[in-house]
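Below is one structure, written out as structure tokens; comments come after it.
There are 2 protein chains.
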Amino acid sequence: MARLPTVLDVGLLAGVSRQTVSNVLNTPDIVRPETRSRVEAAIAELGYRPHASARRLRTRRSSTLGIRLDPMSNNGISGSVHDRFLHSLTEGADARGLRIMLFTATGPDDEIRQFRRLHDGADVDAFVLTSTFFNDPRTEWLIANGIPFVTFGRPWGIDDMNDPRHLWVDVDGRSGLHQATAALIAEGERRVAFLGWPSPSGTGDDRRLGWREAMAEGTDLSPAELDELQPAVEDGVAQGREAIRELREAGIPFDAIVAASDALALGALLVVGPDVPVIGYDNTPVAEAVGLSSIEQPLEEVAAGALELIMGATGSSLVDWEADPDAPKHRLVTPRLIQRHRRIT
Amino acid sequence: MARLPTVLDVGLLAGVSRQTVSNVLNTPDIVRPETRSRVEAAIAELGYRPHASARRLRTRRSSTLGIRLDPMSNNGISGSVHDRFLHSLTEGADARGLRIMLFTATGPDDEIRQFRRLHDGADVDAFVLTSTFFNDPRTEWLIANGIPFVTFGRPWGIDDMNDPRHLWVDVDGRSGLHQATAALIAEGERRVAFLGWPSPSGTGDDRRLGWREAMAEGTDLSPAELDELQPAVEDGVAQGREAIRELREAGIPFDAIVAASDALALGALLVVGPDVPVIGYDNTPVAEAVGLSSIEQPLEEVAAGALELIMGATGSSLVDWEADPDAPKHRLVTPRLIQRHRRIT
DNA sequence: CTTCCGGATTTGATCGATCAAACTAAGATG
DNA sequence: CATCTTAGTTTGATCGATCAAATCCGGAAG
Numbered sequence: 088m089a090r091l092p093t094v095l096d097v098g099l100l101a102g103v104s105r106q107t108v109s110n111v112l113n114t115p116d117i118v119r120p121e122t123r124s125r126v127e128a129a130i131a132e133l134g135y136r137p138h139a140s141a142r143r144l145r146t147r148r149s150s151t152l153g154i155r156l157d158p159m160s161n162n163g164i165s166g167s168v169h170d171r172f173l174h175s176l177t178e179g180a181d182a183r184g185l186r187i188m189l190f191t192a193t194g195p196d197d198e199i200r201q202f203r204r205l206h207d208g209a210d211v212d213a214f215v216l217t218s219t220f221f222n223d224p225r226t227e228w229l230i231a232n233g234i235p236f237v238t239f240g241r242p243w244g245i246d247d248m249n250d251p252r253h254l255w256v257d258v259d260g261r262s263g264l265h266q267a268t269a270a271l272i273a274e275g276e277r278r279v280a281f282l283g284w285p286s287p288s289g290t291g292d293d294r295r296l297g298w299r300e301a302m303a304e305g306t307d308l309s310p311a312e313l314d315e316l317q318p319a320v321e322d323g324v325a326q327g328r329e330a331i332r333e334l335r336e337a338g339i340p341f342d343a344i345v346a347a348s349d350a351l352a353l354g355a356l357l358v359v360g361p362d363v364p365v366i367g368y369d370n371t372p373v374a375e376a377v378g379l380s381s382i383e384q385p386l387e388e389v390a391a392g393a394l395e396l397i398m399g400a401t402g403s404s405l406v407d408w409e410a411d412p413d414a415p416k417h418r419l420v421t422p423r424l425i426q427r428h429r430r431i432t
Numbered sequence: 088m089a090r091l092p093t094v095l096d097v098g099l100l101a102g103v104s105r106q107t108v109s110n111v112l113n114t115p116d117i118v119r120p121e122t123r124s125r126v127e128a129a130i131a132e133l134g135y136r137p138h139a140s141a142r143r144l145r146t147r148r149s150s151t152l153g154i155r156l157d158p159m160s161n162n163g164i165s166g167s168v169h170d171r172f173l174h175s176l177t178e179g180a181d182a183r184g185l186r187i188m189l190f191t192a193t194g195p196d197d198e199i200r201q202f203r204r205l206h207d208g209a210d211v212d213a214f215v216l217t218s219t220f221f222n223d224p225r226t227e228w229l230i231a232n233g234i235p236f237v238t239f240g241r242p243w244g245i246d247d248m249n250d251p252r253h254l255w256v257d258v259d260g261r262s263g264l265h266q267a268t269a270a271l272i273a274e275g276e277r278r279v280a281f282l283g284w285p286s287p288s289g290t291g292d293d294r295r296l297g298w299r300e301a302m303a304e305g306t307d308l309s310p311a312e313l314d315e316l317q318p319a320v321e322d323g324v325a326q327g328r329e330a331i332r333e334l335r336e337a338g339i340p341f342d343a344i345v346a347a348s349d350a351l352a353l354g355a356l357l358v359v360g361p362d363v364p365v366i367g368y369d370n371t372p373v374a375e376a377v378g379l380s381s382i383e384q385p386l387e388e389v390a391a392g393a394l395e396l397i398m399g400a401t402g403s404s405l406v407d408w409e410a411d412p413d414a415p416k417h418r419l420v421t422p423r424l425i426q427r428h429r430r431i432t
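Below, the structure is given as structure tokens:
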């Protein structure tokens, strides 16, 4: 195979220098229109493609975002969330001329090792983190090392959610649970239980709060009664099933259930039978398949928001925070309730 | 932040030249052990990381594989297959010092455009393709342009499945359906229907064949009777439901169903009730959640196989086929049946 | 008519690594 | 003792692009 054409070849054909070709590619507005079109014709004729590595070496920018592929999350049910987010992110990145590079890690420490490797090797400019948790060492490390990143998930446990060095996008789970709970109350249910995760869990506590608020607004249950109606277990179908079974055996009556995840909701479904309404969270394929109502997260919007925060509204290079301190630093998007009718007993 | 250390800095500290540092990194065996450990100490002390782009520019190798992120496949149910494959692939790649770069495309033509962009830009060395289909233009183009690739899926519709220029790994769906069908026959079922996809479909026809063979071996049904028992519809829960409904309305009796996908199987489940056994394909989270028996594809093995075919048993650079014409060119792995008991009516 | 200005373009240097060839020193060979 | 070999290491050139500074040129200003 012949050598691929370079800026020099294009320049020779168009009768200009390499730099002018480079200018046509990067700063077209400073090139005379006539020259520009001549260069563009030459590019097309030769089928020229810029050599990404050469450009990266010189500019010290990779135009690539790194993202860790989650370890097959728990039961696989909510894996579709990460999957959908990743897909939207890749599409949005493509549209901006960015690339997405994947990696895996065995835990937070290993992930930090990967951060260093990929960043120092100039493989990626910035990282997108998912599943943030309390006192996440990853974000601390990235901030300390001045490496740009954006998280899908709020900086739970940090005093200042508005730290300008920590960009984040998140879904307002509190609103989601509020919607779900309010919808059940509107249908006449009174004792709506919340099947959630053990505290502290940023996401879990936030969702629980939405439920409590809706209950306080729409029912006359006392705080003590609410406390009884909020079993907390690790995520999973089996765990959800057991939790609801125990709630029932403890003699605590409930009319309906809202859950922190579809996996928990499914576990609940397997216990309560068709007459007790259950609402899940994440709107996974499983929820759709069994006819489970669920909260849909607008992941396209989350992905678009992540890109906007880190690369600007339409840019393909990092936003310079020093220069533009007023740029937005986070975004909270609102999920919505998807109502379905049941197909499982 | 200070400038990152380079090979030169490491060499200065260790008292050797840049090239010796490079040799320690790439061909350690030609460096005197004593020198090597001195260099390694310097590397550790400075926290040196090779600049990936510089290396790529010089070597013309990116040590990166490109893979298209599938457009949210059909109903999202079987999306988990691609997801799991991608995960295994990324882990295997990490272990070899390779990276995975994602991209999306709106269709085969657009995907070919991306191939050219990523390959000419030296972003990736090779591609991993999924979901191959009849007369796939992508593989033709890649072969014509001499770009290395491996497919997850056989080259359906091509005369020569052993074309050494087309590396592939696939799961033996025929064996999977044979297992499922034989298991049902062993349990005493006789009229086992096959709910599949319209022909021609490489994967679909292959799976159907496994069913027919098992039926021919284990029952006395005539070919004409079998023809009646194989409805074919596009993939999807609704389509599966309708197909089985029509089969029933047509007055064609059946005792059990094997399906070409979990989505179709789930559709069937919604019609037949708890007494008719149904077996799906892909062992998705949905199957697990509703207690649907299904065929599990060993995706770790598929991913490992893909890497081995293209990079050699443990290598991190492309296998040179000219030099080693006897290297394996494809691999067929066997799936296995997962038996469950039903949770849906 | 000369000088200055600014837009358009070109030239020289550089990013960080590896390749290819040259060099060095110690041991083997005749 | 001079020459050859070879393992180990160094030097010069290069990959393809962009940055920074220099050059060119036509028109406005004095």
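These protein sequence lines map, in sequence, to chains V and A.
Converting from the first sequence to our numbering requires adding 87 to each position, the first position being numbered 1.
Converting from the second sequence to our numbering requires adding 87 to each position, the first position being numbered 1.
All C-beta atoms, glycine included, are put in the ideal place defined by N, C-alpha and C.
Contact check, residue i vs residue j, beta carbons under 8 Å
i, j, result
"A:Trp255", "A:Arg241", "yes"
"A:Ala139", "V:Asp210", "yes"
"V:Ser175", "V:Glu387", "yes"
"A:Leu91", "V:Asp246", "no"
"V:Ala280", "V:Ile344", "yes"
"A:Leu394", "A:Arg203", "no"
Span separating the alpha-carbon of residue i from that of residue j
i, j, result
"V:Pro195", "V:Gln326", "25 Å"
"V:Arg155", "A:Asp369", "25 Å"
"V:Ala337", "V:Gly244", "33 Å"
"V:Thr151", "A:Leu189", "10 Å"
"A:Ala301", "A:Pro364", "16 Å"
"V:Arg252", "V:Trp284", "29 Å"
"A:Thr362", "V:Ile234", "A small correction: the amino acid at residue 362 of chain A is Asp; Thr does not occupy that position in the sequence shown. Distance between the alpha carbons of A:Asp362 and V:Ile234 is about 58 Å."
"V:Leu133", "V:Val97", "7 Å"
"A:Ala269", "A:Gly305", "7 Å"
"A:Leu185", "V:Arg278", "54 Å"
"V:Glu198", "V:His265", "35 Å"
Any chain A beta carbon closer than 8 Å to residue i
i, result
"V:His174", "yes"
"V:Met398", "no"
"V:Phe236", "no"
"V:Arg252", "no"
"V:Leu189", "yes"
"V:Asn161", "Note on V:Asn161: pLDDT 47, under 50, position unreliable in the model; the coordinate value appears next. No, no contact with chain A."
"V:Arg186", "yes"
"V:His138", "yes"
"V:Pro195", "no"
"V:Ser149", "yes"
Residue i - DSSP class collapsed to helix/strand/coil
i, result
"V:His417", "strand"
"V:Val108", "helix"
"A:Arg145", "helix"
"A:Trp228", "helix"
"V:Asp259", "coil"
"A:Leu216", "strand"
"V:Phe172", "helix"
"V:Leu189", "strand"
"V:Asn161", "Low per-residue confidence applies at V:Asn161: pLDDT is 47, beneath 50, and the placement is therefore not dependable enough to give any value."
"A:Arg125", "helix"
"A:Leu133", "helix"
"A:Ile117", "helix"
Below-8 Å beta-carbon distance, residue i vs any chain V residue
i, result
"A:Gly208", "yes"
"A:Arg204", "yes"
"A:Leu117", "Before going further, note that residue 117 of chain A is Ile rather than Leu in the sequence given. A:Ile117 does not count as touching chain V."
"A:Thr177", "yes"
"A:Arg143", "yes"
"A:Asp314", "no"
"A:Gly166", "yes"
"A:Glu227", "no"
"A:Ala376", "yes"
"A:Val126", "no"
- Item | Secondary structure, beta strand (DSSP E): runs of 3+ residues fully inside the stretch 269 to 344 of chain V | 279 to 282
- Query: Unbroken beta strand (DSSP E) runs of length 3 or more, entirely within the stretch 348 to 389 of chain A: which are they?
  - Reply: 365 to 368, 380 to 383
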